[in-house]
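Here this note's numbering is used: the first residue of the sequence shown is 1, the next is one more, and so on. Virtual Cβ for every residue (Gly too), placed ideally from N, Cα, C. First the structure, in the form of structure tokens, and then the observations on it.
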Amino acid sequence: MKSLNLLIPMTLFTLTSVASSGVVAQMKMDSGKMGDMKMEQPAAAVEMIDGEVRKVDANSKKITIKHGAIKNIDMPPMTMVFQAKDPAMLEKVQKGDKVKFKAAMDGSAMVVTEIQVTK
Ligand SMILES: [Cu+2]
């Protein structure tokens, strides 16, 4: 009788520890996947977009760019008007310039956050 009483708690302990170590392994796998996703997100967000300046309007801080596909917001190539985040950006570029730029959504408007003329 004495040995049986000892056996039951030991069995329970073993089962519990196996189950909990299984949970830990599962959690590690899940957080590993999340880590991979985080690695990919910033890279897509900072991608430079190819474009050609069609019009610069310093007074209204707007720039019209014929741009290539913008993958991170799923936008096909087109010509469209962007807001300039900083009006000083518009002093560096002029109509006809080939540029690389970064854009972000600000409410319903697209804002150019960075722009550089390509040679
Ligand atoms: Cu567009």
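Quiz item: When a residue counts only if its C-beta is closer than 7 Å to some heavy atom of ligand 1, which residues count, in chain order?
Solution: Any residue whose Cβ sits closer than 7 Å to a heavy atom of ligand 1 makes the list: His67, Ile70, Met75, Met78, Met80 and Met110.
Practice problem: Taking all protein chains shown into account, decide if Met110 is buried (16 or more other Cβ within 10 angstroms of its Cβ) or exposed. | Solution: As a first step, residue 110 must be located in the sequence shown, where it is residue number 110. Answer is buried; the Cβ neighbour count reaches 16.
Quiz prompt | Lys120 - DSSP class collapsed to helix/strand/coil | solution = Because residue 120 is not part of the residues shown, which for the chain are 1 to 119, the question remains open.
Quiz item: Going by the CB atoms, is the gap between Ala104 and Ile49 shorter than 8 Å?
Solution: Here residue 49 refers to the residue found at position 49 of the sequence shown. Here residue 104 refers to the residue found at position 104 of the sequence shown. Contact: no.
Quiz prompt | Residues near Glu121 in its chain [Cβ-Cβ closer than 8 Å; skip 5 each side] | solution = Summary: the structure shown does not reach residue 121, with the chain confined to residues 1 through 119, and so no result is reported for it.
Quiz item: Does the distance from the CB of Lys98 to the CB of Val117 come in under 8 Å?
Solution: For this step, residue 98 is matched to residue 98 along the sequence shown. For this step, residue 117 is matched to residue 117 along the sequence shown. It is a contact, given that the beta carbons lie within the stated cut-off.
Quiz item: Can you name the start and end residues of the beta strand (DSSP E) that Val93 belongs to?
Solution: Counting from 1 along the sequence shown, the entry for residue 93 is found at position 93. For Val93, no beta strand (DSSP E) encloses it, and the DSSP letter there is neither H nor E.
Quiz item: Excluding five sequence neighbours on each side, which residues of the same chain lie with their C-beta closer than 7 Å to the C-beta of Val53?
Solution: One-based indexing of the sequence shown puts residue 53 at position 53. Closer than 7 Å at the Cβ level, and outside the excluded window around Val53, lie Ile63, Ile65, Val93, Gln94, Lys95, Gly96, Asp97 and Val99.
Exercise. Check each candidate in Glu114, Phe82, Asp86 and Ser108 and name the one with the smallest Cα separation from Lys55.
Key: Here residue 55 is taken as the residue at index 55 of the sequence shown, counted from 1. The shortest Cα separation from Lys55 among Glu114, Phe82, Asp86 and Ser108 belongs to Phe82.
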